[in-house]
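What follows is one structure encoded as structure tokens, with my remarks underneath.
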Amino acid sequence: MKIQFQNNEWFRSIRIKFILLFLLVIMPLVFLLFYNNNYAKNVVEGQAIEAHETTLANFVKQTDDMMTAAERYLINVQQQELDVNSMDLSLADQTNYTLTKVRVSNRFNINQSYMTGIDTLMLYSLKNKEAVISSNQTTEYEGKLEAANHLMKERSELQPVPQRGLLDTTYYELNGIHYLIRIYNASSTLQLGAWFNLNNLLESLNIKNSVILDKNGTTLVNEGLTDGQLKWIKQTIDSNPNDSSPIERTVTIDHEQHLFIMKSSASMDLRYVILIPSSDIVQKLSFFQKVILLIPAAIVLIIILYLVFMQRILIRPMQQIIGGMRRLSHGNFDLRLDLNASTEFQYMTSTFNNMAEEIKSLKLFIYEEKLRVQQAEMKQLQMQINPHFYANSLNIINGMAQLHDFHSVQEMTRLLAAYFRFVTTSSRQVITLREEIEHIRNYLAIQKYRYPSALLFDVQLSQDLELLHIPPLTVQPFIENAIIHGFRRKINPFTIRLHAEWNSFANEIDQVILVIEDNGAGVSEEQLNNLQLVAQQSHSDNKHLGIWNALRRLKLYYGDDQVSCDFEHAEKGGLKIIMTIPFRSKSPN
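One gets this note's numbering by counting positions in the sequence shown from 1 and adding 304 to each.
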């Protein structure tokens, strides 16, 4: 019986109706609360954006003023300090030259104490290839001095000395700290420099998830941003290199909203970026957020309690009955429902259990009738095989009689009698694989009269697999097919190999892989595909009746989903048949 459902069946469900009625009352209030919550969140985000923009703008302005002051100092120091100008002279007296360097370093130290933000002051003589520095970090003095000498020497070798008075910017990393260095060309042989610690500069901003980049969008210093976020910032800068078009302040990166603020330096080729997740901004309003979410949470709790109550009283008994009907329709006739429910549902459950018992009895009767039909079909299929070989054998005997080879006729008749005695044994539906192989040996003895050339039959299987039960004449049709279609009267012996082994990939049941292989003429790709189709069809075409009969009887005995048969090209040019069947050492009752 097929049950048809209408398109609006879900609306007819009592459970759905109860839920919809409750939601119709409660959802307007929930919607209003969430609207207020979202509105408050937008207001807070707007204020946070304005506050961060103001903070970043002030920070950029202070940084630019600091660097401008440092540049003015570099320009003026060359004009006011005589010792600085003396550094580019070749002093024959090493002592006086050393004292000059000390005075320059001391003067830098004094001036640096009045200037904020400058990490290191540097003087480099291109003529003497030597640098003088003063640093507010005495522990890193030697490292910075070595870095200054290396950096300035490398610059002088890679590029010509710029014209006098031109300021240049370079970046340098030392021990994980990134520095911005402003270089002033005091003369053709003398350069002054001011080092700015970008790490300290970004820390002074005191905003997490920020970064300083150069004009090309290359990251100089990063604080808390991931590689994916930095990649997005770089792509944004590349698409808008001159800040010609406005950029959205709220952006989505990796499915999460972020606050995006970027400011460019007015005097330097630097960009300062803040990228903060919107969730971090809202988290600062913890009390307000909790109050807003408390009422919806309470409403959700009420809905859950309401649904739990309805589930126990009404929905669960109904689902039990509906689930039982579905399982019953899938063939589970041993299912019985519990009677622990209200009086109305107890009556329905009891009626369901009685119906399941009656269906089980009826199904068992139908199943037994089906088995009887299958048994009759197996006998009919088995009898179809007899005429297929009978005519060929009689032709062979007729030919021998015409040649007056009565001894061969006698032997052939004996073998043929044994063959058909085996085929027509109606009292046995299954035999062992050992008996099938002995029958095949008799069959090959008959075939040697037809094909005088040598026929070899190689069998490899263990004694335990010889007890495998199969229907009679399961393997023989494949051997017959190999001789008919594969044997081409060649010089080398025609060899048929049969071997069986356990299927190591089987999980729940023991399975045996039975392989039949010959070295004959083989088949084309189209013929191979046709054979594979025959193995999968539920009805036969007269062209491959023997193969289909053998596979059909195997499937009737073991079940359609328990037997498989594949056809492949053999390594030596013939055909290879691979059958997978369950191992059964005794016939079922």
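By construction, the Cβ of each residue, glycine as well, lies at the ideal position given by its N, Cα and C atoms.
Local Cβ density within 10 Å of residue i, reported as buried at 16 or more and exposed below that
| i | result |
| --- | --- |
| P332 | exposed |
| S429 | buried |
| N699 | exposed |
| A490 | buried |
| N510 | exposed |
| A705 | exposed |
| G528 | exposed |
| I606 | exposed |
| Y343 | exposed |
| I565 | buried |
| M716 | buried |
| I774 | buried |
| L324 | exposed |
| R857 | buried |
| L818 | buried |
| I626 | exposed |
| A758 | exposed |
| S828 | exposed |
Residue nearest to residue i in terms of C-alpha spacing, selected from the options
| i | options | result |
| --- | --- | --- |
| R407 | T424, S417, I437, L378 | I437 |
| R376 | L471, K664, I606 | L471 |
| Y483 | L524, N834, Y445 | L524 |
| Q767 | L737, H789, I744 | L737 |
| D423 | K433, Y445, E434 | Y445 |
| G824 | R630, V604, G877 | G877 |
| Q841 | E829, A854, E830 | A854 |
| Q495 | L879, G532, N380 | N380 |
| H559 | F322, P581, K567 | P581 |
| L860 | H789, Q733, L818, R745 | Q733 |
| R411 | T399, L425, Y401 | L425 |
| D368 | L505, E354, H356 | L505 |
| Q831 | G863, L879, M659 | L879 |
| L719 | S697, I541, L707, E872 | S697 |
| H873 | G628, G790, D814 | G790 |
| V838 | F809, D865, F363, C869 | C869 |
| L360 | V348, V515, F326, L427 | V515 |
| F871 | L835, K345, I541, Q416 | L835 |
| L275 | Q751, D642, V364 | Outside the displayed range of the chain (305 to 893) lies residue 275, so it cannot be described from this structure. |
Spatial neighbours of residue i in its chain, beta-carbon cut-off 8 Å, leaving aside the 5 residues before and after
| i | result |
| --- | --- |
| D573 | T473, D518, K519 |
| V816 | L769, L772, A804, E805, W806, N807, T884, I885, P886, F887 |
| L760 | P797, F798, T799, I800 |
| A374 | M419, G421, I422, R486, A498, F500 |
| L478 | E444, G447, K448, A451 |
| T372 | S571 |
| L639 | G628, R631, L632, A660 |
| R754 | N696, I700 |
Bridge-paired residues (DSSP) for residue i
| i | result |
| --- | --- |
| M614 | M614 pairs with nothing; no bridge assigned. |
| F798 | L759 |
| W499 | T424, I485 |
| R738 | Paired residue(s): none; R738 is not in a bridge. |
| A804 | L818 |
Sequence-distant residues of its chain with Cβ nearer than 6 Å to residue i (five each side left out)
| i | result |
| --- | --- |
| F782 | I820, I881 |
| K908 | In this structure the chain extends from 305 to 893, so residue 908 is not present and cannot be described. |
| I735 | P776 |
| D584 | none |
| K321 | none |
| H562 | V555, L579, P581 |
| K405 | V436 |
| R459 | none |
Contact belief for residue i with residue j at Cβ below 8 Å, rounded distance in angstroms
| i | j | result |
| --- | --- | --- |
| E742 | T778 | Not really, about 14 Å apart at Cβ, beyond 8 Å. |
| I330 | I603 | 6 Å |
| G850 | N785 | 7 Å |
| L378 | Y488 | 4 Å |
| T653 | L641 | 5 Å |
Other residues of its chain near residue i: CB distance less than 7 Å, five sequence neighbours each side excluded
| i | result |
| --- | --- |
| G480 | none |
| N746 | L719, A722, Y723 |
Residue i: CB within 7 Å of a non-hydrogen atom of the ligand COA
| i | result |
| --- | --- |
| L324 | Inclusion of the ligand COA in the displayed structure is not the case, the ligand content being empty and no account of it being possible. |
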